[in-house]
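Trainee: Residue numbers (my numbering), protein chains in the order written: chain A, 338 to 554; chain B, 338 to 554. Ideal Cβ positions, reconstructed from N, Cα and C, are used throughout, including at glycine. Predicted model, so just to flag it, every value in this text is computed and none were measured.
Protein chains: 2
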Amino acid sequence: MDEHRDQPSRRQRRKDARPSEITAAALRLFHERGFAATKLDDVAAAAGVTKGTLYLYFPSKEALFKAVVQESVIPNIDRLAQAAASSTEPPLGKLALVLRLLAQGLNESDGCISKLMLAEAGNFPELAQFYVDEVVHRLHDVVRGILSEGIATQSFRNIDLVHTPRLIMAPLLLANMWRNTYGSFDRYPVDPAHYAELQIAMLQHGLLPSPQEPRHD
Amino acid sequence: MDEHRDQPSRRQRRKDARPSEITAAALRLFHERGFAATKLDDVAAAAGVTKGTLYLYFPSKEALFKAVVQESVIPNIDRLAQAAASSTEPPLGKLALVLRLLAQGLNESDGCISKLMLAEAGNFPELAQFYVDEVVHRLHDVVRGILSEGIATQSFRNIDLVHTPRLIMAPLLLANMWRNTYGSFDRYPVDPAHYAELQIAMLQHGLLPSPQEPRHD
DNA sequence: GTTTAATAACTGACCAGTCAGTCATTAAGT
DNA sequence: ACTTAATGACTGACTGGTCAGTTATTAAAC
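1) Under 8 Å between beta-carbons, which chain B residues line up against G543(A)? List them in chain order, please.
2) In terms of residue numbering, what span does the alpha helix (DSSP H) encompassing D379(A) cover?
3) Strictly under 8 Å for the Cβ-Cβ distance: is I496(B) near chain A by that measure?
4) Short check: CB of F493(B) to CB of P427(B), under 8 Å?
5) Would you mind stating whether R570(B) and Y394(B) have Cβ atoms separated by less than 8 Å?
6) Using the Cβ count rule (16 or more neighbours within 10 Å means buried), how would you classify Q491(B)?
7) Name the chain B residues that come within less than 9 Å of P546(A), Cβ to Cβ?
8) A456(A) CB to nearest chain B CB: under 8 Å?
9) Are the beta-carbon atoms belonging to T390(A) and A381(A) less than 8 Å from one another?
10) Which class does K388(B) belong to by DSSP, given the choice of helix, strand or coil?
11) In whole angstroms, what separates the C-alpha of I537(A) from that of K431(A)?
12) How is T425(B) classed by DSSP in three states: helix, strand or coil?
13) Exposed or buried, what is E463(B) when buried is set at 16 or more other beta-carbons lying within 10 Å of its beta-carbon?
14) Between the Cα of D470(B) and the Cα atoms of I414(B), R365(B), H542(B), which residue gives the shortest distance?
15) What does P529(B) touch in chain A if you count any residue whose Cβ is under 8 Å from its own?
16) Is H320(B) near H531(A), with beta carbons less than 8 Å apart?
17) Tell me the rounded alpha-carbon separation between A533(A) and P526(B).
18) Check each candidate in R503(B), P502(B), A507(B) and name the one with the smallest Cα separation from R503(A).
19) Give me, in chain order, the residues of the same chain whose beta-carbon lies closer than 8 Å to that of A421(A); leave out the 5 immediate sequence neighbours on both sides.
20) Which ranges does the beta strand (DSSP E) cover as unbroken runs of at least 3 residues, wholly within the region 435-517 of chain B, from first to last along the chain?
21) Count the CB pairs spanning the region 448-460 of chain A and the region 397-408 of chain A that are closer than 8 Å, and state whether there are at least three.
22) Taking only beta-carbon positions, decide if F522(A) is within less than 8 Å of chain B.
23) Do you know offhand how far F372(A)'s Cα is from I450(A)'s?
24) To the nearest angstrom, how far is the alpha carbon of A489(B) from that of T425(B)?
25) I want to verify the contact list: residues of chain A whose CB lies under 8 Å from the CB of P396(B), in sequence order.
26) What three-state label does DSSP hand R524(A) in the structure shown?
27) Give a yes or no on whether the minimum CB-CB distance between A374(B) and chain A is below 8 Å.
28) Just checking: is the beta-carbon of L535(B) within a distance shorter than 8 Å of some beta-carbon in chain A?
29) Assuming the contact rule is C-beta atoms closer than 8 Å, K452(B) and H368(B) should be a hit. Round their C-beta distance to whole Å, please.
30) How many whole angstroms separate the CB atoms of L544(B) and I505(B), which I take to be in contact at a CB cut-off of 8 Å?
31) Going by Cα to Cα distance, which pick from I411(A), P529(A), A361(A) is closest to F467(A)?
32) Which residue comes first and which comes last in the alpha helix (DSSP H) that contains F367(B)?
33) Would you tell me roughly how many angstroms separate the C-alpha atoms of A361(B) and R416(A), rounded to the nearest one?
34) Work out the CA separation of W515(B) and L509(A) for me, nearest whole Å.
35) Helix, strand or coil for P396(A)? Go by DSSP, reduced to three states.
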């Protein structure tokens, strides 16, 4: 019986493809269960290899974790900062652009990292420091730049430049964690893109009815 | 030599005080390190007992975790709902009241739970379901009631009643998790009460300059 | 035939959970 | 009051299972 022939052959050698497959599997499981509760045997199985193979590419479980974070975190920030810088819209439009891009970035690849880092920061202080400096503060700085410009041109009122970036991005970030975590338990599905639109409207009008023109499109 | 006399005596019998001391210690450590990464020996030490004692009061580590969550979660919701119901303020004032109470509740006792549940929901589905139903949705319902009233009296524009509660509370919740997690790494201290005020102002005005009266107190 | 990616059996440290024993406290006996 | 028996809260050494990390072996690739 050669029933081992139907799958294209186990034990392939694919040195270049492995690392990203492994980190992808690890990200999913770390996010789902937490770092400590995730077994490397499970990560390996999810990546279609065995545990020994992990150690060909990553020297330890902790190193794998760091690789996961750094790999998933680098990309979208630059894209976002660049989009904001090159946009010629007025401040509010620029802000809307950033929020929509953020929602999109969270939606695809890895809005998982924010929750994962939050949960594990206590166990990995240096990594947490890196994350705060390289990701969060850079993101805040983008928004802060827009706000600052808006205040200068009197498009915005004179808001708190230190904390308002967090205030503005919090709903999107939390909505995303929410969806990734409680999605299956919740009555209403949560959609980051929808939250982006709600937040944009809120930034524009607040809760109050628009005094000049009650629009109805 | 009676040098054993200076500490009031180890090995006291305090059957009634133990459980809350244990859950308090457990909450701190679970929140700091995560459930799986927390050793019961450490919880016991932090509570001033030994591991064996834990098992006199809680049948398993998982049972301890559930006790921690349920104990920390029950109180503040009712207080908040009641305050909102008995307030005679206009909708925006009522909303401000709720946000301030929420910030206060997060600040003292246990704003830890929200992060802890977020991190462990995947490993404790029934508990997550309980938390979503009994805590989060009830909180949202309070806010939803206020919004609904505001729309009816035309104090508010016609906002999305399903999602806006989350949108409004997200900044406070996230700011709190932030402070509990990255507080020591962050440049600027995060204060929930301050975020409550920022958020109230944002709900009132949005980002835009107030068209009728540019106030400056 | 040589190289090396991949495997799987193995090891040892760690930790949740157990239990026989200890001692602070209570209360009965005098 | 003073002694002593009974109680049960508390301890800490122990165990069995689990899992990160290792290594001897296998087989794919060239």
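Mentor: This is what the structure holds:
1) Numbered from 1 along the first sequence, position 206 holds the residue referred to as residue 543(A). Within chain B, M539, L540, Q541, H542, G543 have C-beta atoms less than 8 Å from the C-beta of G543(A), given in sequence order.
2) Counting from 1 along the first sequence, the entry for residue 379(A) is found at position 42. Start and end: 377-383.
3) Sequence index remark: in the second sequence, residue 496(B) carries index 159 (1-based). Closer than 8 Å to some Cβ of chain A, the Cβ of I496(B) qualifies, so yes.
4) Mapped onto the second sequence, residue 493(B) falls at position 156. Mapped onto the second sequence, residue 427(B) falls at position 90. Not closer than 8 Å, so no.
5) Lying outside 338 to 554, the shown extent of chain B, residue 570(B) is not represented and no answer is given.
6) The residue given as residue 491(B) occupies position 154 in the second sequence. The residue is exposed, with fewer than 16 neighbouring Cβ atoms inside 10 Å.
7) Here residue 546(A) refers to the residue found at position 209 when the first sequence is read from its first residue. What P546(A) touches in chain B: Q491, S492, F493, R494, N495.
8) Within the first sequence, the letter at position 119 stands for residue 456(A). Output row for A456(A): interface = yes.
9) Locating residue 390(A) in the first sequence gives position 53, where the first residue counts as 1. Locating residue 381(A) in the first sequence gives position 44, where the first residue counts as 1. Against a cut-off of 8 Å, the Cβ pair of A381(A) and T390(A) comes out as a contact.
10) Numbered from 1 along the second sequence, position 51 holds the residue referred to as residue 388(B). Assignment of K388(B) by DSSP, reduced to helix, strand and coil, places it in the helix class.
11) As a working note, residue 537(A) is residue 200 in the first sequence. As a working note, residue 431(A) is residue 94 in the first sequence. Those two C-alpha atoms are separated by around 11 Å.
12) Here the question's residue 425(B) lines up with position 88 in the second sequence. Note: T425(B) maps to coil in three-state DSSP.
13) As a working mapping, residue 463(B) is identified with position 126 in the second sequence. Exposed.
14) Taking the second sequence and counting its residues from 1, the one referred to as residue 470(B) is at position 133. Considering only alpha carbons, the answer is I414(B).
15) The residue you call residue 529(B) lines up with position 192 of the second sequence. None at all; the shortest Cβ gap to chain A is about 11 Å.
16) Past the edges of chain B, shown from 338 to 554, lies residue 320(B), and the structure says nothing about it.
17) Residue mapping note: residue 533(A) aligns to position 196 of the first sequence, counting from 1. Residue mapping note: residue 526(B) aligns to position 189 of the second sequence, counting from 1. Spanning the two alpha carbons is a distance of roughly 26 Å.
18) For the purposes of this step, residue 503(A) is identified with residue 166 of the first sequence, where counting begins at 1. Per the Cα distances, A507(B).
19) As a first step, residue 421(A) must be located in the first sequence, where it is residue number 84. Closer than 8 Å at Cβ, skipping near neighbours: K431, L434, V435, V479, G482, I483.
20) Counting only runs of 3 or more, we get nothing.
21) yes
22) In the first sequence, counting from the first residue as 1, residue 522(A) sits at position 185. Cβ-Cβ to chain B under 8 Å: yes for F522(A).
23) Counted from its first residue, the first sequence places residue 372(A) at position 35. Counted from its first residue, the first sequence places residue 450(A) at position 113. Roughly 12 Å separates the two Cα atoms.
24) Translated into positions along the second sequence, residue 489(B) becomes position 152. Translated into positions along the second sequence, residue 425(B) becomes position 88. Near 16 Å, if we compare the C-alpha coordinates of T425(B) and A489(B).
25) Counting from one through the second sequence, the residue named residue 396(B) turns up at place 59. Neighbours of P396(B) on chain A: none; closest Cβ ~20 Å, over 8 Å.
26) For the purposes of this step, residue 524(A) is taken as residue 187 along the first sequence, with counting starting at 1. Residue state, collapsed to three classes: coil.
27) Locating residue 374(B) in the second sequence gives position 37, counting from the first residue. So, interface residue.
28) Residue mapping note: residue 535(B) aligns to position 198 of the second sequence, counting from 1. Yes, contact with chain A.
29) Residue mapping note: residue 452(B) aligns to position 115 of the second sequence, counting from 1. Residue mapping note: residue 368(B) aligns to position 31 of the second sequence, counting from 1. Right, their Cβ atoms sit about 7 Å apart.
30) On the second sequence, residue 544(B) is found 207 positions in, with the first residue counted as 1. On the second sequence, residue 505(B) is found 168 positions in, with the first residue counted as 1. 16 Å between Cβ atoms; not a contact.
31) Sequence index remark: in the first sequence, residue 467(A) carries index 130 (1-based). Taking only the C-alpha atoms, the option nearest F467(A) is I411(A).
32) Taking the first residue of the second sequence as position 1, residue 367(B) is located at position 30. Start and end: 355-370.
33) Here residue 361(B) is taken as the residue at index 24 of the second sequence, counted from 1. Here residue 416(A) is taken as the residue at index 79 of the first sequence, counted from 1. If I take the Cα positions, the gap works out to 44 Å.
34) As a working mapping, residue 509(A) is identified with position 172 in the first sequence. As a working mapping, residue 515(B) is identified with position 178 in the second sequence. Rounded to whole angstroms, L509(A) to W515(B) spans 15 Å at the Cα level.
35) The count along the first sequence starts at 1 and reaches residue 396(A) at position 59. P396(A): coil per DSSP, three-state reduction.
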